[in-house]
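Here is the structure we will look at, set down as structure tokens.
In our numbering, the protein residues as written are 1 to 388.
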């Protein structure tokens, strides 16, 4: 009996040991299964996240593609419309030109010359009326619009000027050169809106490749005459202005080094119109840097014009800039007064302050900043200084 009990106990122990082994194996596999389940859950989350990122990128790419396609469609439509418009315009203007030749008295002289595509006549007309720049500028754009091929007319006029004056930088006739360069500026400035893309605007002039190449040849010659090593004389400043206008008008700025163009822009930044050319000159991306440089150099008025032209008033609020310029001008006048209390010193200080005040007032008016910076006190100070 004892042997039987012992045998049963032994079998029970063995069975229990077997169950313990099975339990251990089950626990082990349960743990491994949980680890695998967690691993695959993590993989699933990662894949889902990647899928969401890919979907988002696809949406962004589709949006950019649609925007690009839309821009290209607009550009293509614009080019087709321009081609049809110019073909019709050529026929119309040919007829007008013939009628103008038959009856010259029916048209203003400048318009008549443009209709005839008489580049030498246009240049001569501008030389004869060089003292009345404002009137000529007002007449030039509508006159160019009446030309069969405005771009060709202006190119021929400028080519004629440069061929005759390529060695004139050594001449003592600085006033004559200045008048001629000013005439170039007027021609090119008036041509830009005529060539502007009707949809994309003046930053994207519509110019035939052949004309771009001719303009580039002129620009290369001009560039060789511009010396950035030292101070630029007034004649050279006008040449820089004409050079930049040439690049913007014919859409060839991409052919020149951007840092070089930036230096030129800074050298003539006082010319308000230059700020509006920066887009066509391909400088839009660095406009914040240009405005910052103007501010650092104490040219806050110019900085306001450049910030406005490039839509940067949020980053460079105009009022603090004008206030800083006003403060600097007062300090400069005060410094002059401290150097002596004679009539000449007082007059110089008052003149400098007067110039600064007028510049600020004009800037306020041109940018409609009266509500932000009321000019009343400035105007009263101007009246006070004018009486002295």
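Yeah, the Cβ is synthetic: ideal placement off N, Cα and C, and Gly gets one too.
Reduced DSSP category for residue i - H, G, I as helix; E, B as strand; rest coil
i: residue 220; result: helix
i: residue 364; result: helix
i: residue 107; result: For residue 107, the predicted structure reports a pLDDT of 45, less than 50, and the residue's modelled location is therefore unreliable. The matter cannot be settled from this model.
i: residue 208; result: coil
i: residue 113; result: helix
i: residue 257; result: coil
i: residue 271; result: coil
i: residue 283; result: coil
i: residue 237; result: helix
i: residue 179; result: helix
i: residue 148; result: coil
i: residue 160; result: helix
i: residue 308; result: helix
i: residue 243; result: helix
i: residue 313; result: coil
i: residue 342; result: coil
i: residue 301; result: helix
i: residue 278; result: coil
i: residue 54; result: helix
i: residue 252; result: coil
i: residue 355; result: helix
i: residue 388; result: coil
i: residue 226; result: coil
i: residue 172; result: In this prediction, residue 172 scores a pLDDT of 46, lower than 50, which makes its location untrustworthy; the coordinate-derived value is nonetheless stated afterwards. Coil at residue 172, not helix or strand.
i: residue 65; result: helix
Limits of the unbroken beta strand (DSSP E) element including residue i
i: residue 203; result: 201-205
In DSSP terms, what residue i is bridged to
i: residue 197; result: 201
Same chain only: Cβ atoms within 6 Å of residue i, ignoring 5 sequence neighbours per side
i: residue 275; result: 305, 306, 309
i: residue 253; result: 247, 281, 282
i: residue 141; result: 190
i: residue 214; result: 155
i: residue 111; result: 143, 146
i: residue 242; result: 181, 184, 185
i: residue 367; result: 308
Boundaries of the alpha helix (DSSP H) in which residue i is found, first to last residue
i: residue 373; result: Counting along the chain, residue 373 falls outside any alpha helix (DSSP H), and DSSP gives it neither H nor E.
i: residue 140; result: 133-145
i: residue 336; result: 318-338
i: residue 121; result: 119-128
Close-in-space but distant-in-sequence residues of the same chain around residue i (CB under 7 Å, 5 per side omitted)
i: residue 249; result: 188, 191, 192, 195, 205
i: residue 373; result: 319, 322, 364
i: residue 145; result: 194
i: residue 348; result: 336
i: residue 119; result: 153, 156, 157, 160
i: residue 255; result: 216
i: residue 379; result: 361
i: residue 272; result: 305
i: residue 291; result: 303, 306, 307, 312, 316
i: residue 207; result: 151, 195, 250, 251
i: residue 357; result: 378, 381, 382
Own chain partners of residue i with C-beta closer than 8 Å, once the 5 adjacent residues on each side are dropped
i: residue 258; result: 282, 283, 286
i: residue 114; result: 122, 143, 144, 146, 147, 150, 153
i: residue 350; result: 333, 385, 388
i: residue 135; result: 129
i: residue 339; result: 345
i: residue 327; result: none
i: residue 211; result: 151, 152, 155, 250
i: residue 294; result: 266, 269, 300, 302, 303, 306
i: residue 261; result: 244, 247, 253, 281, 282, 283
How do the segment 276-291 and the segment 206-222 stand: do at least 3 beta-carbon pairs fall below 8 Å, yes or no? Cβ pair count under 8 Å is below three, so no.
Below 8 Å, can you find three or more Cβ-Cβ pairs linking the segment 126-142 to the segment 176-186? A contact is defined here as three or more CB-CB pairs under 8 Å, and the segment 126-142 meets this definition with respect to the segment 176-186.
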